[in-house]
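For the record, the sequence lines run as chains U and Y.
Per this note's numbering, residue 320 is the first one in the first sequence, and the count goes up by one each step.
Per this note's numbering, residue 146 is the first one in the second sequence, and the count goes up by one each step.
In this text, a Cβ means the ideal position worked out from N, Cα and C, and glycines have one as well.
A quick note: this is a predicted structure, and the numbers were derived from the prediction, not measured.
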Amino acid sequence: MAKPVVKKEYTFLERIYLWEIVKGLKLTFKHFTFNFKESLKKGPHTVPTCWQYPEDRRPIAPVFRGAHMLCLDDEGRELCVGCGMCARACPAKCITVKRGKPAEGEEGKYAGKTMSTEFTIDMLRCIFCGFCEEACPKGAIQLGQEYELAEYTMDACIYDKERLLANFQKAKAEGKLKPPKKPVPVAEGDKKAAAKKAAQKPAGKEATKSKKATSKPQAEEKKASESKGEET
Amino acid sequence: MDNWVIALIKVVFIWTWTLLIATLMTWVERRGSAMMQDRLGPNRAGPFGLFQPLADGIKLFTKEDIIPEKAHKILFSLGPILFALPAFSAYAVIPFGDKLVVNGKEIILQVADVNVGFLYVVALGAMAVYGIVLGGWGSNNKYSILGGLRSTAQLISYEVPFGLSLLAVVLVYGTFSLREISLAQQGTFLGFLPNWGIFKQPLGFILFIVTAYAEANRVPFDLPEAESEIVAGYHTEYGSMRLGLYLFGEYVNMYTLAALMVTLYFGAWHLPYIDMSKFLGPVSYGIASFLVFFLKTAFFLWLFVWVRWTVPRFRYDQVMGLGWKALIPLALVNLFITALCIQLTV
Ligand code: SF4
Ligand code: SF4
Numbered sequence: 320m321a322k323p324v325v326k327k328e329y330t331f332l333e334r335i336y337l338w339e340i341v342k343g344l345k346l347t348f349k350h351f352t353f354n355f356k357e358s359l360k361k362g363p364h365t366v367p368t369c370w371q372y373p374e375d376r377r378p379i380a381p382v383f384r385g386a387h388m389l390c391l392d393d394e395g396r397e398l399c400v401g402c403g404m405c406a407r408a409c410p411a412k413c414i415t416v417k418r419g420k421p422a423e424g425e426e427g428k429y430a431g432k433t434m435s436t437e438f439t440i441d442m443l444r445c446i447f448c449g450f451c452e453e454a455c456p457k458g459a460i461q462l463g464q465e466y467e468l469a470e471y472t473m474d475a476c477i478y479d480k481e482r483l484l485a486n487f488q489k490a491k492a493e494g495k496l497k498p499p500k501k502p503v504p505v506a507e508g509d510k511k512a513a514a515k516k517a518a519q520k521p522a523g524k525e526a527t528k529s530k531k532a533t534s535k536p537q538a539e540e541k542k543a544s545e546s547k548g549e550e551t
Numbered sequence: 146m147d148n149w150v151i152a153l154i155k156v157v158f159i160w161t162w163t164l165l166i167a168t169l170m171t172w173v174e175r176r177g178s179a180m181m182q183d184r185l186g187p188n189r190a191g192p193f194g195l196f197q198p199l200a201d202g203i204k205l206f207t208k209e210d211i212i213p214e215k216a217h218k219i220l221f222s223l224g225p226i227l228f229a230l231p232a233f234s235a236y237a238v239i240p241f242g243d244k245l246v247v248n249g250k251e252i253i254l255q256v257a258d259v260n261v262g263f264l265y266v267v268a269l270g271a272m273a274v275y276g277i278v279l280g281g282w283g284s285n286n287k288y289s290i291l292g293g294l295r296s297t298a299q300l301i302s303y304e305v306p307f308g309l310s311l312l313a314v315v316l317v318y319g320t321f322s323l324r325e326i327s328l329a330q331q332g333t334f335l336g337f338l339p340n341w342g343i344f345k346q347p348l349g350f351i352l353f354i355v356t357a358y359a360e361a362n363r364v365p366f367d368l369p370e371a372e373s374e375i376v377a378g379y380h381t382e383y384g385s386m387r388l389g390l391y392l393f394g395e396y397v398n399m400y401t402l403a404a405l406m407v408t409l410y411f412g413a414w415h416l417p418y419i420d421m422s423k424f425l426g427p428v429s430y431g432i433a434s435f436l437v438f439f440l441k442t443a444f445f446l447w448l449f450v451w452v453r454w455t456v457p458r459f460r461y462d463q464v465m466g467l468g469w470k471a472l473i474p475l476a477l478v479n480l481f482i483t484a485l486c487i488q489l490t491v
């Protein structure tokens, strides 16, 4: 409900302005002296309300959605199985995945039976929604904390697999990995069903599912990237 | 010959000094306002961002000089010059210290002790409005012309109380020469107050400072350029160094007005209760008087900035109302009372 406006009669002091101006001057002076004293302190982050960006950085929440990375497990094996769920889920259609089998003698490098032979993310199109992260059954793709993603060329903005893996290494070295996900609380009645589901979760079933999933979005993705090429 | 050289030195000195202060004021204004608004202001160029005015100057000089196609070429280029010239020359008659005695020669710290110095300052102050009006008119832009019109309307409402409040000062000191007025402010008044203009003309000072803000086109009377209403007012179409002249002229104007306030109402170079000339050598006394004068001026310069970032702008009709319905009657009353007091005491 709108508040009725009560017009108040100004007192004489208010009507001659001067005293009110003096009151205002007092207020600005308070701010001035406070900030002046603060700004004399050492260090880049001086005035409390002011962050001087390249020197001062605000702390980032652990769930921040920045540049992507492809994760490795504790034994240093690639988690991604090339299923293409992320590409399917991506609303911007910016992920391209090709699934393949690891080469002879290289099976130890991959956590799953299959792997991605190609994995690119077009960062120019990505909207950092994080759907890819949610869709991935293996927790292989994650959005990290890097947010300074400017590049000089458009090509440099298309991240390939090496770069995504390097992102992970860097985040790991800096201790900026996401904390492990908390289990989603399940309601009493659903618990049994959930347990049942968890029990029958063989890897093979998933692989067949993802086979279907990958083929279509990939074709679409190709088309999209081709048409984009024409535009540019 | 000697006198010529001394005069030349004084002219060059005061010119560079005013320019330096005006330059510094742009920096003070930006950092000061930042501090009042919990920001930091320009702090990258040089220590504390002190070289920022230099960078701005270089930028303004190297920018392309554009004259709008439909603008009146002559008036457009004349505007900034007409604005800046009076601003730069007004300081000539205002003292910046007492005197310096070098080799037995007395040098008055004032470029020209004109016996109608007072009128000269007032006349030049009113001249500056021509620059604004012509610039606004010549730009052929609706916002510019609005700014110019506002400037004229503002002029007629503040120039009268401005003149009347100054007239009261003339009555008190009985002279038009700014140096004589400054000299008359030594010693004490009624036994305990410093013999300053403010204690003899308290109402006159308030009227003067209010109208001085209008004269300098500063908030709360910055109607001619009111960014939030008419883009940038009279200098909407200006760029490069022409704009620079307008902005710079404003700060020089501020400096002149602040110095005028100190000269008329705050005892010029005199310290309250202390007579510096008694225990300082001739040269050090000259320098000390200059410094005292400058410090007082600096306070009023700071007040200009301080007020600007505190109060909002007056509405157009409010300025008119304030000028005609409050300031002019008050100035007349002030003049009347002053005249009466002088008549009774003399
Ligand atoms: S964050 Fe969103 S837009 Fe970006 S790659 Fe992942 S799913 Fe696509
Ligand atoms: S959903 Fe996960 S496992 Fe599947 S391709 Fe994407 S990143 Fe790899």
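- At a C-beta separation below 9 Å, H350 (chain U) has these neighbours in chain Y: M180, M181, Q182, D183.
- Going by DSSP, G202 (chain Y) is part of the alpha helix (DSSP H) stretching over 197-207.
- Nearest neighbour of N486 (chain U) by Cα position, chosen from U:T433, U:S435, U:M388, turns out to be U:M388.
- With distances taken between CA atoms, T455 (chain Y) lies nearest to U:I340 out of U:Y329, U:I340, U:E328, U:R334.
- Between F331 (chain U) and chain Y, the shortest Cβ-Cβ separation is not below 8 Å.
- Annotated three-state conformation of L245 (chain Y) is strand, per DSSP.
- A direct Cα-Cα distance of roughly 12 Å separates A298 (chain Y) from V305 (chain Y).
- A484 (chain Y) places its beta carbon less than 8 Å from that of L316 (chain Y).
- If you check the C-beta of I477 (chain U) against ligand 1, you find no heavy atom less than 7 Å away.
- Per DSSP, L462 (chain U) is one residue of the beta strand (DSSP E) stretching across 460-462.
- With contacts defined as CB atoms closer than 8 Å, S284 (chain Y) and A229 (chain Y) fail to qualify as a contacting pair.
- Taking 8 Å as the threshold, the shortest C-beta distance from V173 (chain Y) to chain U does not fall below it.
- Secondary-structure assignment with DSSP links E374 (chain U) through no beta bridge to anything.
- Counted as a single uninterrupted DSSP element, the stretch harbouring F411 (chain Y) is not any alpha helix (DSSP H), since DSSP gives it neither H nor E.
- If you draw a straight line from the Cα of P192 (chain Y) to the Cα of L446 (chain Y), it comes to about 22 Å.
- The chain-ordered list of residues whose CB is nearer than 6 Å to some heavy atom of ligand 2 reads U:C399, U:V400, U:G401, U:C402, U:G403, U:M404, U:C405, U:V416, U:S435, U:A454, U:C455, U:K457, U:A459, U:I460.
- Per the coordinates, the alpha-carbon of Q182 (chain Y) lies some 27 Å from the alpha-carbon of F439 (chain Y).
- Exposure of W370 (chain U) is indicated by the presence of fewer than 16 other C-beta atoms within 10 angstroms of its C-beta.
- Counting along the chain, T439 (chain U) sits inside the beta strand (DSSP E) bounded by residues 434-441.
- Nearest in C-alpha terms to C445 (chain U), of all of U:L462, U:S358, U:F355, is U:L462.
- Between the C-alpha atoms of E214 (chain Y) and N286 (chain Y) there is a straight-line separation of about 11 Å.
- For P339 (chain Y), the pairing in a beta bridge is given by DSSP as Y:T333.
- Against chain Y, a Cβ distance below 9 Å from I340 (chain U) picks out P365, V452, T455, V456.
- Y336 (chain U) and L496 (chain U) have their C-alpha atoms spaced approximately 59 Å apart.
- Taking all protein chains shown into account, M473 (chain U) has fewer than 16 neighbouring C-beta atoms within 10 Å of its C-beta and is therefore exposed.
- The contact set of G177 (chain Y) on chain U, defined by CB atoms closer than 8 Å, consists of F351 in chain order.
- Counted as a single uninterrupted DSSP element, the stretch harbouring V325 (chain U) is not any alpha helix (DSSP H), since DSSP gives it neither H nor E.
- Taking a beta-carbon distance threshold of 8 Å, L359 (chain U) does not count as an interface residue toward chain Y.
- Look at Y400 (chain Y) here: in three-state DSSP terms it is helix.
- The straight-line gap separating the alpha-carbon atoms of Q255 (chain Y) and F321 (chain Y) is approximately 15 Å.
- With contacts defined as CB atoms closer than 8 Å, G281 (chain Y) and Y379 (chain Y) qualify as a contacting pair.
- Residue environment: F350 (chain Y) is assigned as buried (16 or more neighbouring CB atoms within 10 Å of its CB, all protein chains considered).
- Think of a sphere of 9 Å around the beta carbon of V366 (chain U): the chain Y residues whose beta carbon falls inside it are A179, M180, D183, R184, L185, in chain order.
- By the neighbour-count definition (other C-beta atoms within 10 Å, threshold 16), P457 (chain Y) is an exposed residue.
- Below the 9 Å Cβ cutoff, chain Y contributes L448, W451, V452, T455, V456 as neighbours of L344 (chain U), in chain order.
- Shortest gap from the CB of A408 (chain U) to any heavy atom of ligand 1: under 7 Å.
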